[in-house]
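Numbered per numbering that gives the first Met the number 0, the sequence shown spans residues 0 to 257.
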Amino acid sequence: MAASAPACVATIPLQRVHAVIFDTDGVITDTAAVHAAAWKRTFDTFLHAHTLLTGQRYEPFDPDVDYRRYVDGKPRFAGVVDFLAARGITLPPGDPADPPGLGTAHALGNRKDRLFAEHPARYGAAAWPGTIRLVQRLRAHGVRVAAVSASRHAKEVLRAAGVLELFDVVVDGVDCARLGLPGKPDPALFLEAAHRLGVPPAQAAVVEDALAGVAAGRRGGFALVIGVDRTGHAAELYANGADVVVPDLGEVVVTEQG
């Protein structure tokens, strides 16, 4: 019987990669499940009301499949629109200042935001140990690192996890709104982080757990796109543009070899 192929080793070659850009939720901090739970509470409330109004069959939000396909890594408004479109539902967009509710897409997104914001304020946040070890190894080699997120609460979450000061640059949802940056899978968020780090995309790596995020890294022309798969969906990450996928960033090797 032929020997099996050796496992693929995820390597960051410092001859080619001079900066690394990390997604926040699910990559740096263990908060992806909190986002998914907040989306589920938001959408299930809406879908139940929509069922009563229209008589259509009630199909709850799936915090695994629906979260990854439609909302993970995206700005809230885009996530609302994309998920509802998948269910054949259209809401008036409303205004970004709409109070949390069910009547407009912005109101629905703001309801999710309020639910998520309660968590780090009440319970704090935890960072993934493997990620922090990798960040520390990169910094020891003089590699600049950034954290990015579509969430307006990214700095709060990083601060609650005690890791904010590890990152040279943070680009979050506040910056996206201020600069008018489109959300993932558009690479604008990563490109802004690379610009602030002073490194061209071709000399930077992107680390992501979201399908939209690895697609953004690929579209942005980055030297390396590392997917993080904590839930058994490596094939989808590869299909969307990851060069290599690991279950934990503690497995990633930092090398001077090109």
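In this text, a Cβ means the ideal position worked out from N, Cα and C, and glycines have one as well. Values in this document were obtained by computation on a predicted structure and should not be read as measured data.
Examine chain D for any beta-carbon lying closer than 8 Å to the beta-carbon of residue 150, and answer yes or no. No chain D is part of this structure, which consists of one protein chain only.
Rounded to a whole number of angstroms, what is the C-alpha to C-alpha distance between residue 81 and residue 170? Computed Cα separation, rounded: 23 Å.
In the structure shown, what three-state DSSP assignment does residue 50 receive? In the displayed model, residue 50 falls within a helix according to three-state DSSP.
Ordered along the chain, which non-local residues of its own chain (more than five positions away) have a Cβ less than 6 Å from that of residue 10? Excluding sequence neighbours, residue 10 sits near 252, 254.
What are the boundary residues of the alpha helix (DSSP H) that residue 170 is part of? Element bounds for residue 170: not the alpha helix (DSSP H) but the beta strand (DSSP E), 168 to 170.
As a quick exercise: from 209, 8, 121, 165, pick the residue whose alpha carbon is nearest that of residue 186. The residue with the shortest Cα to Cα distance from residue 186 is 209.
Residue 15: CB within 7 Å of a non-hydrogen atom of the ligand SAM: The ligand SAM is not part of this structure, which contains no ligands at all.
From the DSSP output, read off the bridge partner residues of residue 254. DSSP lists 12 as partners of residue 254.
Please tell me whether residue 41 and residue 124 are closer than 8 Å, where the distance is taken between their beta carbons. With respect to the 8 Å criterion, residue 41 and residue 124 are not classified as neighbours on the basis of their beta carbons.
Reduced DSSP secondary structure (H/G/I, E/B, other) of residue 21: Reduced to three states, the DSSP call for residue 21 is strand.
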